[in-house]
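Everything below concerns the one structure shown next.
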Amino acid sequence: AEEALSEAIRLEGRNKEYVLLLASLLMRRDKKKEPNLLLRTLHDDHDAKNHLDPLLNAMISFQYNVQFKEAKLARKYLAVCQRIRVRESLAADPDGKGRAKSTETSGFVIRGPQSQHTQKEPTGITSGEKSDSQVENPIADLNDRIWMELVDYFDSNGLWELAERALGLVLKQDTNEARLVQAHNERSKGRLGESIALYDKLISSQPKNQSLLLEKAEVCFLAEKY
314 AEEALSEAIR LEGRNKEYVL LLASLLMRRD KKKEPNLLLR TLHDDHDAKN
364 HLDPLLNAMI SFQYNVQFKE AKLARKYLAV CQRIRVRESL AADPDGKGRA
414 KSTETSGFVI RGPQSQHTQK EPTGITSGEK SDSQVENPIA DLNDRIWMEL
464 VDYFDSNGLW ELAERALGLV LKQDTNEARL VQAHNERSKG RLGESIALYD
514 KLISSQPKNQ SLLLEKAEVC FLAEKY
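Counting from 314, one number per residue, gives the positions in the sequence shown under the numbering used here.
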């Protein structure tokens, strides 16, 4: 996979999506220097305005945080993400009227470990009960949103190990979005019983969510729970 992506990048030029995926694959094998060079080179291409890409900045922050243990550099790139997201929020809702609703529903994507061939579709999955920390600590809430976007990227590309490590940076572990990623990760490790238990928690709060029901059915089939 890495060789094919490297060749695709060589033929097409520095395609951002290819570079992000190649860097992710390298990080999955605990490579440090190669993905860091790829990500920082992409980031420094100011002509393409890549330095304003929140996913790219989050991925660099993640690597400095988790692999290099460089807290100062991790905070630097996370701060860039924060500024980008705040500007986007202000531009989309200058009067602040819709901001209270922004954390209630996620466009989180369901894509299970054995369902890579399926189309991405919104699940309508909700984040669960609102926490007082959303009001008391908006920076922590914003950071969780940034990390969950990175978790979603890893999860949707089948990079379960990275998704699990990125999820460790999220403060609110009791949300439905986090449980969904945990269910995918348990399934990828063959711990089907644990995965089913997580789906049960998700479905108990959303009994009519067809996507969750189908995913649970698939895991049950793999576990030979007919």
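Every residue gets a Cβ at the ideal spot worked out from N, C-alpha and C, and that includes glycine.
Helix, strand or coil at residue i [DSSP, three-state]
{"i": "Pro-520", "result": "coil"}
{"i": "Val-393", "result": "helix"}
{"i": "Val-483", "result": "coil"}
{"i": "Arg-504", "result": "coil"}
{"i": "Ala-314", "result": "coil"}
{"i": "Ala-265", "result": "Since the first and last residues shown for the chain are 314 and 539, residue 265 lies out of range."}
{"i": "Pro-451", "result": "helix"}
{"i": "Arg-388", "result": "helix"}
{"i": "Lys-329", "result": "helix"}
{"i": "Thr-354", "result": "helix"}
{"i": "Pro-348", "result": "helix"}
{"i": "Gln-380", "result": "coil"}
{"i": "Asn-470", "result": "coil"}
{"i": "Asp-513", "result": "helix"}
{"i": "Ser-407", "result": "Per the sequence shown, residue 407 should be read as Pro rather than Ser. Of the three classes helix, strand and coil, the one that applies to Pro-407 here is coil, per DSSP."}
{"i": "Arg-342", "result": "coil"}
Presumed contact (8 Å Cβ cut-off) between residue i and residue j, rounded CB distance
{"i": "Leu-338", "j": "Ala-317", "result": "Wrong, their Cβ atoms sit about 10 Å apart, outside the cutoff."}
{"i": "Ala-566", "j": "Val-464", "result": "Nothing about residue 566 can be reported from this structure: the residues present for the chain run from 314 to 539 only."}
{"i": "Leu-355", "j": "Lys-329", "result": "6 Å"}
{"i": "Val-532", "j": "Ser-508", "result": "5 Å"}
{"i": "Lys-388", "j": "Ile-459", "result": "Rather than Lys, the amino acid found at residue 388 in this sequence is Arg. In fact, because the Cβ distance is near 12 Å, the residues do not count as touching under 8 Å."}
{"i": "Leu-455", "j": "Phe-467", "result": "Going by Cβ atoms, the distance from Leu-455 to Phe-467 rounds to 19 Å, so no, they are not a contact pair."}
Endpoints, alpha helix (DSSP H) assigned at residue i
{"i": "Ala-361", "result": "Segment: none, Ala-361 is in no alpha helix (DSSP H) and carries neither H nor E."}
Exposure of residue i, with buried meaning 16 or more beta-carbon neighbours within 10 Å
{"i": "Ala-491", "result": "buried"}
{"i": "Tyr-512", "result": "buried"}
{"i": "Leu-369", "result": "buried"}
{"i": "Arg-323", "result": "exposed"}
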